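All the letters of the sequence shown, read from the start, carry residue numbers 1 to 330 under the working numbering. Beta carbons: idealized from backbone N, C-alpha and C, even for Gly. Treat the numbers as computed from the prediction; the structure is a model and nothing was measured. Structure, as structure tokens:
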Amino acid sequence: MTDLTTILAGVRFPNPVFTASGCAAAGQELDQFFDVTALGGVVTKSIMLEPRSGRATPRMAETPSGMLNSIGLQGPGIDVLLDKDLPWLAERGARAVVSIAGGSVADYANLASRLRDRPGLAMVEVNISCPNVEDRGQVFACDPQAASGVVSAVRRNTAPGIPVFAKLSPDVTDIALIARACVDAGADGLSVINTLLGMVIDTTTMRPALAGITGGLSGPAIRPVAVRCVWQVHQALPDVPILGMGGIRTGLDALQFLLAGASAVSVGTTVFGDPTAPVRVLAELEQALADRGVEHVRDVIGLAHGAAGHLVPEGPDPVGDEPAAAMEEP
Ligand code: RRO
């Protein structure tokens, strides 16, 4: 079988399949379906300094091949995460990736310092791209300077051995520009992508379906956008590790992200319909890699950027693939 070990900014994970932030709180609710330590890592719902009730309901709307959420950073606050959730993950032996979110650079700096030296913490994901905030000025990932300010404050306040990944928004003109600003500010890696800003109008009430009016679009509908973003970021910054996410539902979906340049992937929205999805995706990915004769998962990271097809098993020539000479004029 394939060696699934993946390294993100110097930290070793036993496999490249993680949960996605926001889809399974801090992992406990998935543990009744499978052993969360089987995953590469557990990414927790973005946590803020204080408890927060989030946006008004309705907060969810179905969309073709996806869903819209308008949760608005609901959560118990950092104290609960530090007292209950992180110790639970650490006792289990899970590798915790804690996602943090704030309204200012000072919030992020404070959150990072509260996480310092906590057992079980494997990585920090800096969520600078939540679409469900009071104003677009708080989507730090839409502006290179704003993104840079947050990332450098988090990096300064985080222990040296703990990677800091910045989570990017697809809702920008040039994602590579924002990616570079984050890396220049000290990000060790990038999480690509958060949800896309979307909207649904209920044609019966003739009003927006979500109380918050707009929401974050996720699920298979956004997968091609996510794969494109991972591709562009890897192309611009080939040495920077990427945690890829956006509509992954199968092992082959996960493989697309690795081929585009991700070193690991997060499985999110699909857990609402199938809570076992992360371990199923892991098993399917392992099988897909074995079927392709891949010895180490690292061998496929970014492979799609190189010469096409060198891992494809030999077989008959495709129909219509005539030798060049046959195409020449007599
Ligand atoms: O809580 C949310 O509404 C939310 C967050 Br923090 C995020 O990063 N992405 C999203 O779609 N929703």
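For residue i, tell me which candidate among the options has the shortest Cα-Cα distance.
i: Ala-122; options: Ala-106, Val-172, Thr-44; result: Thr-44
i: Leu-355; options: Gly-212, Val-294, Gly-306; result: Nothing can be reported for residue 355: it is not among the residues displayed for the chain, which extend from 1 to 330.
i: Leu-68; options: Leu-258, Gly-293, Thr-270; result: Thr-270
i: Gly-120; options: Cys-142, Leu-258, Glu-91, Ala-226; result: Glu-91
i: Thr-173; options: Ala-109, Val-279, Gly-66, Pro-144; result: Pro-144
i: Arg-223; options: Ile-201, Ala-254, Val-233, Val-164; result: Ala-254
i: Ile-193; options: Gly-149, Glu-286, Ser-65, Val-126; result: Val-126
i: Cys-142; options: Gly-306, Gly-216, Ile-178, Leu-303; result: Ile-178
i: Met-245; options: Val-225, Arg-156, Leu-237; result: Val-225
i: Gln-275; options: Glu-62, Leu-30, Ser-152, Arg-12; result: A quick correction: the sequence has Pro, not Gln, at residue 275. Among Glu-62, Leu-30, Ser-152, Arg-12, the Cα nearest to that of Pro-275 is on Leu-30.
i: Phe-13; options: Arg-298, Ala-304, Gly-306, Leu-303; result: Arg-298
i: Leu-111; options: Arg-136, Leu-89, Leu-217, Val-151; result: Val-151
i: Ala-146; options: Pro-87, Arg-180, Arg-280; result: Arg-180
i: Gln-232; options: Ile-71, Leu-196, Val-200, Gly-302; result: Gly-302
i: Arg-114; options: Leu-86, Pro-131, His-234; result: Leu-86
i: Asp-117; options: Ser-70, Asn-157, Ser-148; result: Asn-157
i: Leu-285; options: Val-300, Ser-129, Phe-272; result: Val-300
i: Lys-167; options: Ser-191, Ser-99, Gln-235; result: Ser-191
i: Ala-56; options: Gly-137, Asp-202, Thr-214, Thr-195; result: Thr-214
i: Gln-32; options: Leu-289, Gly-306, Val-279; result: Val-279
i: Phe-18; options: Gln-287, Val-267, Leu-289; result: Val-267
i: Pro-76; options: Trp-88, Gly-66, Gly-54; result: Gly-54
i: Gly-10; options: Met-206, Gln-138, Ile-242; result: Ile-242
i: Cys-130; options: Ala-288, Asp-188, Gly-103; result: Gly-103
i: Asp-35; options: Ala-20, Leu-8, Leu-89; result: Leu-89
i: Ala-236; options: Asp-202, His-305, Val-265; result: His-305
i: Phe-272; options: Val-240, Thr-6, Val-265, Gly-66; result: Gly-66
i: Val-240; options: Val-133, Ala-187, Ile-71, Ser-21; result: Ala-187
i: His-234; options: Ser-21, Ser-70, Ala-264; result: Ala-264
i: Leu-8; options: Gly-189, Ser-21, Glu-134, Gly-137; result: Gly-189
i: Ser-148; options: Thr-203, Val-183, Ser-21, Ala-283; result: Val-183
i: Ile-128; options: Ser-21, Thr-6, Gln-256; result: Ser-21
At a threshold of 7 Å, does residue i count as lining ligand 2 (C-beta to nearest heavy atom)?
i: Leu-82; result: Here the bound small molecules are ligand 1; ligand 2 is not part of this structure.
Round the Cβ separation of residue i and residue j to the nearest angstrom and send it over; I've been treating them as touching at under 8 Å.
i: Ala-209; j: Pro-16; result: With 8 Å as the limit, Ala-209 and Pro-16 do not qualify as a contact, their Cβ atoms being about 35 Å apart.
i: Pro-220; j: Gly-247; result: 4 Å
i: Leu-217; j: Thr-37; result: Between Thr-37 and Leu-217 the Cβ distance is about 31 Å, and since that is not below 8 Å, they are no contact.
i: Arg-155; j: Ala-176; result: That belief does not hold up - the Cβ atoms of Arg-155 and Ala-176 are roughly 20 Å apart, past 8 Å.
i: Ala-61; j: Val-200; result: 4 Å
i: Val-227; j: Thr-250; result: Incorrect: roughly 13 Å between the Cβ atoms, too far for contact.
i: Leu-196; j: Pro-170; result: 5 Å
i: Ala-277; j: Leu-252; result: Not confirmed; about 13 Å, so no contact.
i: Ile-100; j: Val-124; result: 6 Å
Q. Considering only residues of the region 193–246, which uninterrupted alpha helix (DSSP H) runs meet the minimum length of 4 residues and lie entirely inside it, listed in chain order?
A. 223–236
Q) Taking one C-beta from the region 89–100 and one from the region 36–56 each time, how about it: are there three or more such pairs within less than 8 Å? A) yes
**Q.** Length-filtered (4 minimum) alpha helix (DSSP H) runs lying within the region 19–51
**A.** none
Q: May I have a chain-ordered list of the beta strand (DSSP E) segments no shorter than 3 residues that lie completely inside the region 243–284?
A: 264–267
Q.
Closer than 8 Å is the cut-off here; do at least three beta carbon pairs connect the region 24–33 with the region 256–263?
A. no
Q: Inspect the CB distances between the region 152–168 and the region 75–88 and report whether three or more fall short of 8 Å.
A: no
Q | Inter-stretch contact (C-beta, 8 Å, three-pair minimum) for the region 98–118 and the region 43–58 | A | yes
(Q) For a minimum of 4 consecutive residues, which ranges assigned as the alpha helix (DSSP H) are wholly contained in the region 82–113? (A) 86–92
Q: State whether the region 283–302 contacts the region 2–19, with contact taken as three or more CB pairs (one from each stretch) at a distance under 8 Å.
A: yes
Q) At which residue ranges does the region 110–181 contain complete beta strand (DSSP E) runs of 3 or more residues, listed in the order of the chain? A) 121–127, 164–168
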